[in-house]
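Residue numbers (the numbering used here): 4 to 247.
The structure is reproduced here in structure tokens:
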């Protein structure tokens, strides 16, 4: 049976982690707190919008999706499919032509801080092709809020070589007090997904996005309101979990 390192030390430090989290949340500004839920929902839409909206699920491939790329049908309509989990597009993890997700489209990092109205207009242009049949006005706004306010400079924390600039020991404490009830100490508890260790090792960028924004259609908590380093540290620990 897998046991976490320094188990009893982790238990003793759990109370400190909880106090730290509560302290951090207390000092979120009112403006940030007011739209943080919308930003997180936008992050879920970026992941797989048709998994949480009431709009039409695309039956064909997005007209703007390159014919030479490898995805078809509804997968080609996912924001992350062109722009990547690291938001860097052709400058990031999806920029290698050998990658099955390669489209050669640019990322969304340049839209950090951009006007949400302009972002919504872009979502409806010929390069994206989203319409009111796909998303409501609220959906468009939430997605735009994520693009403008929800991104972080992912390359600052995770390199193209998958090196994660986090504290794995601190991440173990966070993981074992926030994530363990669903994922288990070994990351194998959820049976309808690959082991968490494998997910993190194969795609640390996706892992970071889902830690911050949650999982579409699931009750996974989003850690967006906490300092980014908390999420990065959890990714660093997840890399050490069993792959098989």
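In this text, a Cβ means the ideal position worked out from N, Cα and C, and glycines have one as well. Please read these numbers as outputs of a predicted model, since none were measured by experiment.
Check: Inter-residue CB distance, residue 129 and residue 81 (contact presumed, cutoff 8 Å); Outcome: Not a contact, Cβ separation roughly 18 Å.
Check: Any C-beta of chain C under 7 Å from that of residue 59; Outcome: This model lacks chain C altogether; it includes just one protein chain.
Check: Euclidean distance between Cα positions of residue 176 and residue 236; Outcome: 9 Å
Check: Residue 234 burial status per 10 Å Cβ neighbour count (16 or more: buried); Outcome: buried
Check: Closest Cα partner of residue 116 within the set 148, 133, 93 and 94; Outcome: 148
Check: Same chain only: Cβ atoms within 8 Å of residue 145, ignoring 5 sequence neighbours per side; Outcome: 41, 42, 44, 45 and 48
Check: Integer-rounded CB distance, given that residue 86 should sit under 8 Å from residue 63; Outcome: About 20 Å; that fails the 8 Å criterion.
Check: Cβ pair residue 137, residue 200 closer than 7 Å; Outcome: no
Check: Residue 67 versus residue 132: straight-line alpha-carbon distance, rounded; Outcome: 8 Å
Check: Nearest-angstrom Cβ-Cβ length linking residue 168 and residue 178, presumed shorter than 8 Å; Outcome: The Cβ separation is near 17 Å, so there is no contact.
Check: Distance between residue 121 and residue 191 (C-alpha atoms, nearest Å); Outcome: 42 Å
Check: First through last residue of the alpha helix (DSSP H) which encompasses residue 91; Outcome: From DSSP, residue 91 is part of no alpha helix (DSSP H); its letter is neither H nor E.
Check: Element boundaries [alpha helix (DSSP H), containing residue 143]; Outcome: 140 to 148
Check: Collapsed DSSP secondary structure at residue 238 in the structure displayed; Outcome: helix
Check: Residue 97 versus residue 153: straight-line alpha-carbon distance, rounded; Outcome: 20 Å
Check: Enclosing alpha helix (DSSP H) for residue 183 [first to last residue]; Outcome: 183 to 186
Check: For residue 161, the residue or residues it bridges with in DSSP; Outcome: 167
Check: Pair within 7 Å by beta-carbon distance, residue 242 and residue 203; Outcome: yes
Check: Simplified DSSP assignment, three categories, for residue 194; Outcome: coil
Check: Proximity of residue 238 and residue 207 at Cβ, strictly below 7 Å; Outcome: yes
Check: Residue burial classification, residue 214 (beta-carbon count within 10 angstroms, cutoff 16); Outcome: buried
Check: Buried versus exposed, by CB contacts within 10 Å (16 or more), residue 83; Outcome: buried
Check: Beta carbon of residue 151 nearer than 7 Å to that of residue 106; Outcome: no
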